[in-house]
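Comments concern the structure below.
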Amino acid sequence: MAPASGAGQPFRLSMLIHDRHYRALLIQALVFILVMSLAAWLVNNTVQNLARMGKTFDFGFLFNRSGYDIPFSLIPYDSNSTHLRAAMVGLLNTLLVSALGCLFATILGVLAGVLRLSRNWLVAKLMTVYVEVFRNVPLLLWILVILALFTEVMPAPRDYRPAADGAAGAQMILFGTIAPTNRYTAIPAVVAERDPGPVSVLGLQVDAMVVAFAVALLAAWLIHRWLRAWAQYRQDTTGRRPVTWWISLLLFLLPILGLSRLFGIHLVTPELRGFNFAGGLNLDNGFVVLLLALSLYTGAFIAEIVRAGILSVSRGQTEAAAALGLRPRPIMALVVLPQALRVIIPPLISQFLNLTKNSSLAIAVGYPDLRATLGGTTLNQTGREMESMILMMGIYLAISLIVSAAMNLYNSRVRLKER
Amino acid sequence: MRYTAFLATVAASALTAGVALAAEGDTLAQVKQRGVLNCGVNTGLVGFAAPDANGNWSGFDIAICKAVAAAVLGDPSKVKYIPTTGQTRFTALTSGEVDVLARNSTWTFQRDTDLKMDFAGVNYYDGQGFMVRKDLGVSSATELDGATICIQTGTSTELNLADWFKANNMTYQPVNIDSNAEGEQQYMAGACDAYTTDASGLAATRAAFADPDNHVILPEIISKEPLGPATRHGDNNWTDIVRWTLYALVSAEEYGVTSANLDELSRSSTNPDVQRMLGTIDDYGTMLGLDKEWAKRAIAASGNYGEIFAANIGEQTPIGLPRGLNALWTQGGLMYAMPFR
Numbered sequence: 001m002a003p004a005s006g007a008g009q010p011f012r013l014s015m016l017i018h019d020r021h022y023r024a025l026l027i028q029a030l031v032f033i034l035v036m037s038l039a040a041w042l043v044n045n046t047v048q049n050l051a052r053m054g055k056t057f058d059f060g061f062l063f064n065r066s067g068y069d070i071p072f073s074l075i076p077y078d079s080n081s082t083h084l085r086a087a088m089v090g091l092l093n094t095l096l097v098s099a100l101g102c103l104f105a106t107i108l109g110v111l112a113g114v115l116r117l118s119r120n121w122l123v124a125k126l127m128t129v130y131v132e133v134f135r136n137v138p139l140l141l142w143i144l145v146i147l148a149l150f151t152e153v154m155p156a157p158r159d160y161r162p163a164a165d166g167a168a169g170a171q172m173i174l175f176g177t178i179a180p181t182n183r184y185t186a187i188p189a190v191v192a193e194r195d196p197g198p199v200s201v202l203g204l205q206v207d208a209m210v211v212a213f214a215v216a217l218l219a220a221w222l223i224h225r226w227l228r229a230w231a232q233y234r235q236d237t238t239g240r241r242p243v244t245w246w247i248s249l250l251l252f253l254l255p256i257l258g259l260s261r262l263f264g265i266h267l268v269t270p271e272l273r274g275f276n277f278a279g280g281l282n283l284d285n286g287f288v289v290l291l292l293a294l295s296l297y298t299g300a301f302i303a304e305i306v307r308a309g310i311l312s313v314s315r316g317q318t319e320a321a322a323a324l325g326l327r328p329r330p331i332m333a334l335v336v337l338p339q340a341l342r343v344i345i346p347p348l349i350s351q352f353l354n355l356t357k358n359s360s361l362a363i364a365v366g367y368p369d370l371r372a373t374l375g376g377t378t379l380n381q382t383g384r385e386m387e388s389m390i391l392m393m394g395i396y397l398a399i400s401l402i403v404s405a406a407m408n409l410y411n412s413r414v415r416l417k418e419r
Numbered sequence: 001m002r003y004t005a006f007l008a009t010v011a012a013s014a015l016t017a018g019v020a021l022a023a024e025g026d027t028l029a030q031v032k033q034r035g036v037l038n039c040g041v042n043t044g045l046v047g048f049a050a051p052d053a054n055g056n057w058s059g060f061d062i063a064i065c066k067a068v069a070a071a072v073l074g075d076p077s078k079v080k081y082i083p084t085t086g087q088t089r090f091t092a093l094t095s096g097e098v099d100v101l102a103r104n105s106t107w108t109f110q111r112d113t114d115l116k117m118d119f120a121g122v123n124y125y126d127g128q129g130f131m132v133r134k135d136l137g138v139s140s141a142t143e144l145d146g147a148t149i150c151i152q153t154g155t156s157t158e159l160n161l162a163d164w165f166k167a168n169n170m171t172y173q174p175v176n177i178d179s180n181a182e183g184e185q186q187y188m189a190g191a192c193d194a195y196t197t198d199a200s201g202l203a204a205t206r207a208a209f210a211d212p213d214n215h216v217i218l219p220e221i222i223s224k225e226p227l228g229p230a231t232r233h234g235d236n237n238w239t240d241i242v243r244w245t246l247y248a249l250v251s252a253e254e255y256g257v258t259s260a261n262l263d264e265l266s267r268s269s270t271n272p273d274v275q276r277m278l279g280t281i282d283d284y285g286t287m288l289g290l291d292k293e294w295a296k297r298a299i300a301a302s303g304n305y306g307e308i309f310a311a312n313i314g315e316q317t318p319i320g321l322p323r324g325l326n327a328l329w330t331q332g333g334l335m336y337a338m339p340f341r
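So the protein lines, in turn, are chains A and B.
Per UniProt numbering, residue 1 is the first one in the first sequence, and the count goes up by one each step.
Per UniProt numbering, residue 1 is the first one in the second sequence, and the count goes up by one each step.
Shown next as structure tokens:
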């Protein structure tokens, strides 16, 4: 056994080996030097190899004309835009499918997780089958299977037209509002008849309708909070809590309905014009397939996390709460869920991160995400592999860290307060 | 102990990397040492490069690989075919994974300069076209306004398509696909109205359909697509070998040298051009770093340019492409080999 370092002992060279404290420092320093020299060797090797191929390391290509079209874009983009803008389009598409995917996967996962604990044998077993089937087959296979279903089974847009001999064409689903085809899924679009156009807010051009809705909802939320504080005050002073939920509901509903009326907002169902559906919103099948696959796949994992969370709260808690006279709903809301969330949130964070990273499989269905624009066509047309890859890794890392930070913040609010 | 093993591994990998670095740059020496030519080819395009049921590759581009292998290694079968997609092909070449890229790739300014490749020549003058179903009732590409079009991502055709539709004030909806096989599947399932790629590729794709008569290739050719074998920039000798192998095949057709009369002509021909090419007189092979009979072996591999064309994609094959621009210059085409002198 090496003696622990004495406080007053003078330092001797042999202590680097024999003194536990200094030896630990020495090993750390050595490992650090080793790792850094390995990194330096990698960077040096890369620089040398690039130089040997006559390639430079330069991000200037991002400002050149991209020259290619992107089928699905949230911001204005055409082939005259720059590669940087193409990358932005890809990034927004990645964020869109990830955000919606996280939302749907959570809804699906919570439902499946709770139903798997159901006393109904059939429901519980059905959920078990769903979870096991989706969890144990690679995601890429699910994406390809769902894509094949969409391209091979769904009717072509022109099949919705009645045939020449009078036979009825394919029928739209959900009361004739949604038309799945083998190219896109046509859904109703939200259209404003009296769009007031953009206004300038703090130097930014923002759509006036968005501003109006944001202001109205913010005001409703503030009044709702004040209302709850007032109800709490009444409860504390008089012992009776006034019923406020319907006032809160009206607070949110009335401005939305009023503004919709003011701007003439309504739904337009898609209809077949020429060869394609028009009027509604045509969601690219790549997007629909990827969203479905990501939600179903991650939902299966979340279902297990939710089930584990609920099971982690011991039955004694429920029984104790019941003994105190609480009814089932308050027991779930006040006793079980707060403790279950504590267990659910941390693994949920990593599922959200997984989903975001898995969205890069979009290339398999031709959905133009970041991997397909910056890491696909841009990389290939400009030949800037190193720059594109580094940029893409940086962006995915940033997204993951932001998601993780936000979820950790939420976690710190719901976790058990230990005092 | 564990640290020592780790350090040893690091040192060993550093050494191997150093050795690998030193060897690169001289492709000819590498190929000779390896005994096999690594040839980057299409993942599967009937007539140009496709494996049969036994895994034997054949096609118009494959013939180039075989000719180069025959010239350099003396055996046309000593080729390792490495299938590459539109996205991976150039990286495969510049990273050294393949020695020559014979994968219907278009010779463009940017690829020649910025992507650090050299094109050894043109083995097929092509142009981009469109294929649609006959029952769509479209007879010209100008009627494709608003159409959904399947396109291989990362190709020069992707850029041409965007430019052409913009120039004609038309809109389209691209469906990005990764390989020709995926494009076929999407097009057959009706996920796109039209499929666009090089006209030769369209003909080859259509030939593989069960019902080729139900599909038409529209008359418009919207771009110039000179396809040719590519090599890494900077290894001039290797590029020369590939270039002159291609010229040997074209010259052979011009001088009437075929795989049938090759041996006879190498002895009896009195044409000095033929004699120089086949190594009967002078020793042109050593100037390339090869031996005297390099061109003779290259021609023997699958015949001259005309024979290769006729056997793989010509009018007698299911693909049925006419010679057109790819006829010899003496017959009104663009195939013109530089003189063996």
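From the three backbone atoms N, C-alpha and C, an ideal C-beta is built for every residue, glycine too.
Residue i at chain A interface by Cβ criterion, 7 Å
i, result
"Gln30 (chain B)", "no"
"Gly333 (chain B)", "no"
"Thr148 (chain B)", "yes"
"Lys116 (chain B)", "yes"
"Val175 (chain B)", "yes"
"Gly129 (chain B)", "no"
"Ala301 (chain B)", "no"
"Glu97 (chain B)", "no"
"Cys101 (chain B)", "According to the sequence provided, residue 101 (chain B) is Leu. The question's Cys does not apply to it. No, no contact with chain A."
"Thr94 (chain B)", "yes"
Contact check, residue i vs residue j, beta carbons under 7 Å
i, j, result
"Gly40 (chain B)", "Gly121 (chain B)", "no"
"Gln152 (chain B)", "Gly86 (chain B)", "yes"
"Lys80 (chain B)", "Val36 (chain B)", "yes"
"Ala298 (chain B)", "Ala71 (chain B)", "yes"
"Ile82 (chain B)", "Val68 (chain B)", "no"
"Met287 (chain B)", "Tyr195 (chain B)", "no"
"Phe287 (chain A)", "Pro157 (chain A)", "no"
"Asp126 (chain B)", "Glu225 (chain B)", "yes"
Of the listed residues the options, nearest to residue i (C-alpha basis)
i, options, result
"Leu267 (chain A)", "A:Gly90, A:Ile187 and A:Asn80", "A:Ile187"
"Pro76 (chain A)", "A:Asn45, A:Asn93, A:Pro242 and A:Tyr233", "A:Asn93"
"Asp195 (chain A)", "A:Trp230, A:Leu139, A:Phe263 and A:Asn64", "A:Phe263"
"Ile64 (chain B)", "B:Asn304, B:Asn326, B:Thr317 and B:Lys134", "B:Asn304"
"Lys292 (chain B)", "B:Gln275, B:Ser302 and B:Ile308", "B:Gln275"
"Asn49 (chain A)", "B:Asp52, B:Trp329 and B:Thr94", "B:Thr94"
"Thr56 (chain A)", "B:Asn123, B:Thr113, B:Asp75 and B:Ala230", "B:Thr113"
"Leu144 (chain A)", "A:Ser400, A:Pro368 and A:Ala364", "A:Ala364"
"Gly154 (chain B)", "A:Tyr130, A:His21 and A:Pro368", "A:Pro368"
"Asp178 (chain B)", "A:Asn411, A:Met88, A:Leu361 and A:Leu401", "A:Leu361"
Backbone CA spacing between residue i and residue j [nearest angstrom]
i, j, result
"Phe209 (chain B)", "Leu290 (chain A)", "29 Å"
"Leu122 (chain A)", "Thr128 (chain A)", "10 Å"
"Ser404 (chain A)", "Ala50 (chain B)", "47 Å"
"Asn160 (chain B)", "Asp198 (chain B)", "11 Å"
"Thr185 (chain A)", "Tyr396 (chain A)", "29 Å"
"Val199 (chain A)", "Arg384 (chain A)", "40 Å"
"Gly101 (chain A)", "Arg133 (chain B)", "36 Å"
"Ser269 (chain B)", "Lys166 (chain B)", "55 Å"
"Ile62 (chain B)", "Val138 (chain B)", "35 Å"
"Ser73 (chain A)", "Tyr160 (chain A)", "27 Å"
"Ala17 (chain B)", "Ile390 (chain A)", "The pLDDT assigned to Ala17 (chain B) is 48, lower than 50, so where the model puts this residue is not dependable; a value taken from the coordinates is nonetheless given after this. Going from the Cα of Ala17 (chain B) to the Cα of Ile390 (chain A) covers about 22 Å."
"Arg65 (chain A)", "Gln381 (chain A)", "11 Å"
"Pro318 (chain B)", "Ala207 (chain B)", "6 Å"
Supposed close pair residue i, residue j - CB separation, criterion 8 Å
i, j, result
"Gly332 (chain B)", "Leu321 (chain B)", "The pair is not a contact, with the Cβ atoms about 16 Å apart (cut-off 8 Å)."
"Asn182 (chain A)", "Ala181 (chain B)", "In fact, because the Cβ distance is near 18 Å, the residues do not count as touching under 8 Å."
"Asn236 (chain B)", "Leu28 (chain B)", "So it is not a contact: roughly 11 Å between Cβ atoms."
is_contact[residue i, chain B] using C-beta, thresh 7 Å
i, result
"Ala40 (chain A)", "no"
"Tyr68 (chain A)", "yes"
"Met172 (chain A)", "no"
"Glu152 (chain A)", "yes"
"Glu271 (chain A)", "no"
"Ala156 (chain A)", "yes"
"Glu387 (chain A)", "no"
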